[in-house]
Structure formats: structure tokens, C-alpha cells
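Counting in the numbering used here, the sequence shown runs from 1 upward without gaps. Accompanying notes for the structure given below.
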Amino acid sequence: MNNRELAGKILEHLGGKDNVTSFANCITRLRVNAKDHSRINTEQLKQLDGVMGVVEDETIQIVLGPGKVTKVAYEFGDLTGIDGGEVDQDEFDVASDTKASYKAKQTTKVQQVLRHIGNIFIPLIPGFVASGLILGIANLILNLANPEAGVLNPAILESDWYILLQSIGGLLFGSLGIFVGINTAREFRGTLVLGGIAGLIIYAPVLSDIGTLQLLGLDLKVSTGLGGLLGVIISAYIFVKIELFIRRRIHDSLDLLVTPLITILVGSLITVAVIQPIAGFVMSGITWFLVDVMLEVGGVVGGFVLAATFLPLVTLGLHQGLIPVHLELIESIGATTLLPVLAMAGGGQVGAAVAIYLKTKDERLRKTIANALPVGVLGIGEPLIYGVSLPLGRPFLTACLGAGFGGAFLALTNIGAITVGPSGVALLPLISDGKYVTYIIGLLISYIGGFGLTYLFGFKKEMVNKLYNQEKAA
1 MNNRELAGKI LEHLGGKDNV TSFANCITRL RVNAKDHSRI NTEQLKQLDG
51 VMGVVEDETI QIVLGPGKVT KVAYEFGDLT GIDGGEVDQD EFDVASDTKA
101 SYKAKQTTKV QQVLRHIGNI FIPLIPGFVA SGLILGIANL ILNLANPEAG
151 VLNPAILESD WYILLQSIGG LLFGSLGIFV GINTAREFRG TLVLGGIAGL
201 IIYAPVLSDI GTLQLLGLDL KVSTGLGGLL GVIISAYIFV KIELFIRRRI
251 HDSLDLLVTP LITILVGSLI TVAVIQPIAG FVMSGITWFL VDVMLEVGGV
301 VGGFVLAATF LPLVTLGLHQ GLIPVHLELI ESIGATTLLP VLAMAGGGQV
351 GAAVAIYLKT KDERLRKTIA NALPVGVLGI GEPLIYGVSL PLGRPFLTAC
401 LGAGFGGAFL ALTNIGAITV GPSGVALLPL ISDGKYVTYI IGLLISYIGG
451 FGLTYLFGFK KEMVNKLYNQ EKAA
């Protein structure tokens with residue numbers, strides 16, 4: 001089945017193109033918004049050759065794997081006539097039906113919020129990966145040019161080419177507030193440029209110069225970047241709500257002038273006076289709990305729990321909600337100490353997959369593992385999750401527990417990553433302070449943990465029989 005045929009079958013089992021309102025894709029998943037979820041045949045989607053799994057919630061997430069998803073998404077867009085990321089206006093007309101469908105699936109408000117956050121950051125992932133790797137190369141050159149290393153001439157650090165390389169790698173992160181604001185406005189159907197302005201307000205340098213603002217007799221402490229990207233998301237959301245409120249009430253002849261003017265003035269005041277302090281407090285609390293409590297105080301136990309519980313977030317599609325936390329850590333302390341620990345989750349999957357490969361004689365399962373292992377080693381674990389461990393059941397649990405051992409080790413080392421990027425071996429260039437060997441040791445521990453637990457306790461041949469609905473022994 002070629003990519004166009006697969007896209008056609010996916011569209012068929014989604015209820016046809018008139019049931020699709022919008023779609024987008026990330027590194028591994030085709031994410032589709034549908035009008036009527038009752039028309040979707042999830043079981044038939046899962047049976048399609050090339051589909052590794054389906055996560056069904058307010059957005060239908062069809063796991064196709066890296067590379068493949070981009071090609072299928074292109075064909076899907078051609079068949080539906082919808083551009084990736086474009087929202088069909090008919091979605092307004094079916095809001096009540098969609099809401100009822102979500103309630104039937106018992107989607108929680110927390111899940112909805114985290115998925116909105118994911119939709120905001122997913123389009124930025126290619127930029128994160130590329131910028132992160134460029135910064136990783138610059139970081140490697142910096143370490144090699146250290147006089148103690150003696151590999152490169154330290155003068156290279158003063159060269160125009162090295163400075164340019166560093167600048168290119170940092171471009172996205174220097175303007176991240178703008179991109180997040182624009183994507184937030186798009187997610188909630190506002191004007192994109194107003195969302196970008198909301199992001200600019202949070203990071204306006206003049207805020208630190210002002211220091212204190214007088215409002216209704218109160219002294220408001222203001223500073224550049226307070227609230228971080230969470231503040232940007234909330235601010236851009238408020239901008240959208242203000243914009244839509246005014247637009248519904250203003251005469252068409254005045255809309256172009258009055259609506260953006262009031263939106264920016266009122267939205268900026270709310271951002272500086274209310275959103276920044278609250279978002280700053282919330283982000284400080286989240287990072288305090290995950291880093292200070294779970295990693296520094298919790299140590300081995302905290303690292304084990306974080307690494308062992310990360311994959312369930314991935315299966316629910318909620319892991320993107322942690323991106324603002326990583327970026328807040330990078331901005332505040334120069335590295336995210338959370339990412340390397342969570343990256344061990346993929347290592348447990350790799351170890352579990354190797355154990356299953358050695359124990360089973362079923363050629364279909366062995367082929368699936370052989371195809372998924374290379375990208376799994378590079379940190380893209382969804383083909384292994386949805387194609388191997390999760391369908392088998394118990395290996396998913398043993399893989400998670402095995403990953404916990406790698407996370408426990410790294411929690412003791414204060415290791416960090418200089419930016420958000422891939423996990424697995426591909427995260428290696430992004431590790432801060434030259435702790436490459438430490439990261440590799442943690443990864444090997446998670447491999448061994450996942451392998452050992454799965455080989456001893458996690459896999460039986462009956463699982464393969466059930467998986468493929470056959471009587472043949474594995």
C-alpha cells in the first residue's frame with residue numbers, strides 16, 4: 001500500500017472528507033479533528049498496514065512513524081483539500097456535537113488544556129530539533145576548544161563563523177515568545193499578529209527597566225520574561241477573547257481600527273498586571289516540584305518515578321505539555337535537568353524490544369521490532385510503543401520500570417540538556433557541561449533494565465498468539 005492509498009484508507013475510516021475539519025502532523029502522528037466521532041472506525045484504522053497505533057480523544061492521533069507521517073499527511077491534505085493546520089469554518093457549526101462526543105469519551109479539562117498546549121508547540125518541534133542540534137555542535141566546538149581538551153585552537157571561538165553558528169542556533173529561542181503567541185492565537189481562532197504581540201509583551205526589555213508600576217495604589221513588580229511561555233499562552237488566549245468580544249459588538253466600518261487597538265491596550269494591561277505574576281508563580285511551582293522536590297530531594301526515587309511514568313503520558317499524547325517547563329528551566333538555569341531523566345523512558349522500550357526479539361520466533365513481530373529499533377535508539381519511541389510493547393501489554397510495564405533505573409541514576413548526576421530536542425542517542429550532542437559519558441551510562445542502564453525485566457518477567461509466547469489472533473506458537 002503506497003502513501004496515497006494509505007491516506008485514502010485512513011480518510012475512509014475517519015468517516016470521509018466531510019467528517020474532517022482540520023489536521024496537522026508532528027514527528028510521528030497524523031492528528032485529525034473530526035466533526036462526528038461516532039463515524040470513526042478506530043479498529044479498522046488500527047488494522048491498516050502502516051498504522052502503528054491510534055490514540056482516540058478530542059483529536060484522533062494516528063501513529064505512522066517518522067518520515068512516513070509527513071508523506072501520508074501530504075496525500076491526506078491533497079485528498080481532503082485541507083492544508084495541514086487549516087481549520088474548516090464548518091467546525092463552528094458542529095461544536096455542540098463535538099462537545100457531546102468529548103463528554104462521552106470522558107475527556108477531562110486537564111487533558112484538553114494539555115492538548116491545546118501540545119497543538120501550540122508541535123509545529124515548532126522541527127525548529128527545536130534543528131536549532132538544538134546546531135547549538136549542540138556549537139557546544140561541542142566550545143568543549144573541544146577548551147585548553148584542557150587541547151583538540152581545537154581556542155581562537156576558533158572568536159571567529160565570525162563560530163559566532164554565526166551560535167547565533168543561528170539561538171534564533172528560534174530568542175523569538176520563541178512571538179512564535180508561541182502566534183500559534184496560540186491560531187489555536188483559539190484569533191488574529192495571528194495580535195498573538196505575536198502578546199508574546200512580545202511578556203519579553204519586553206522595558207519591563208525590567210521599569211521595575212515597578214503604580215496601579216490603583218498598588219506597586220506592581222514587573223520584569224522581562226516573568227511568567228515565561230505559560231504567560232505567553234495565557235496572554236495570547238486573553239487577547240483572542242478580547243478581540244472576539246469586541247468584534248461581535250463593533251460596527252464593520254470601525255472593526256479594523258478599533259478592535260486591534262482595544263485588544264492590545266486592554267490585553268497588555270491585563271498581561272502585565274495579572275497574567276505575568278500568576279503565570280510566574282505557577283511556573284515557579286511546577287519547576288520547584290519537578291526539579292527541587294522530585295529530582296533534588298527525591299533523588300533516586302524521584303528520578304525513577306519520573307522516568308517510569310513518562311511513557312504513559314506519551315501514549316495519551318500529553319507529553320508535549322511539558323515543553324514549557326523544559327523551556328522555562330533552560331531560560332532560568334541554562335539547561336533542563338528534567339529532559340535527560342525523562343529520555344530514559346525510550347531506553348527502557350529499546351531494551352524491552354531487544355528482549356522480545358530474542359525470545360520470540362514470530363517473524364512478523366521480529367520484523368516489526370527490527371524496523372522500529374533504529375529510530376527507537378535515536379529517541380523516537382512511538383513505533384516501539386504502538387507496534388510492540390503496548391499491544392503486548394506486560395512488556396510496556398516492564399519497559400517503563402526498566403527505564404526508571406536509568407532515570408534514578410541520572411537524578412543523582414545533575415545532568416541537563418541545553419535545549420529541547422530528541423531523546424535517546426540523538427540527545428547526546430545537547431547534553432550540557434560535557435557530561436556525555438554520564439548520559440550514555442544512564443541510557444545503558446535503562447536499556448539493561450528494560451531488557452532484564454522484560455526477558456525475565458515481561459514476555460510470554462501466548463502474548464504473540466493473542467496479538468495476531470493465531471494458534472501458532474511464537
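Every residue gets a Cβ at the ideal spot worked out from N, C-alpha and C, and that includes glycine.
Item                                                                                                                 : Value
Coil, strand or helix - residue 121 by DSSP                                                                          : helix
According to DSSP, residues forming a beta bridge with residue 221                                                   : 212
Inter-stretch contact (C-beta, 8 Å, three-pair minimum) for the stretch 402-412 and the stretch 434-454              : yes
Helix, strand or coil at residue 30 [DSSP, three-state]                                                              : strand
Proximity test, residue 72 beta-carbon vs the ligand PLP heavy atom, cut-off 7 Å                                     : Although the ligand PLP was asked about, the structure shown includes no ligands whatsoever.
Distance between residue 282 and residue 187 (C-alpha atoms, nearest Å)                                              : 22 Å
N- and C-terminal bounds of the beta strand (DSSP E) containing residue 54                                           : 53-56
Other residues of its chain near residue 273: CB distance less than 8 Å, five sequence neighbours each side excluded : 213, 215, 220
Beta-carbon separation (whole angstroms), residue 330 vs residue 419, contact threshold 8 Å                          : 6 Å
Inter-stretch contact at 8 Å, needing at least 3 Cβ pairs: the stretch 51-62 / the stretch 107-126                   : yes
Among 257, 224, 263, 225, the one whose alpha carbon lies nearest that of residue 241                                : 263
Pair within 8 Å by beta-carbon distance, residue 17 and residue 64                                                   : no
Rounded straight-line distance, which links the Cα of residue 353 to that of residue 49                              : 20 Å
Supposed close pair residue 427, residue 343 - CB separation, criterion 8 Å                                          : 5 Å
Bridge partners - residue 20, DSSP secondary structure assignment                                                    : 34
Per-residue burial, residue 347 [other beta carbons within 10 Å of its own, 16 or more giving buried]                : buried
Residue 97 versus residue 203: straight-line alpha-carbon distance, rounded                                          : Only weak support exists for where residue 97 lies, its pLDDT of 42 falling under 50; the value from the coordinates is given anyway. Going from the Cα of residue 97 to the Cα of residue 203 covers about 39 Å.
Rounded straight-line distance, which links the Cα of residue 359 to that of residue 462                             : 12 Å
Among 417, 332, 298, nearest to residue 224 - alpha-carbon criterion                                                 : 332
Coarse secondary structure for residue 63, derived from DSSP in three states                                         : strand
In DSSP terms, what residue 25 is bridged to                                                                         : 30
Pairwise C-alpha distance: residue 383 and residue 454                                                               : 18 Å
Three-state secondary structure assigned by DSSP to residue 415                                                      : coil
Segment contact flag, the stretch 178-185 with the stretch 157-167, C-beta cutoff 8 Å, min 3 pairs                   : no
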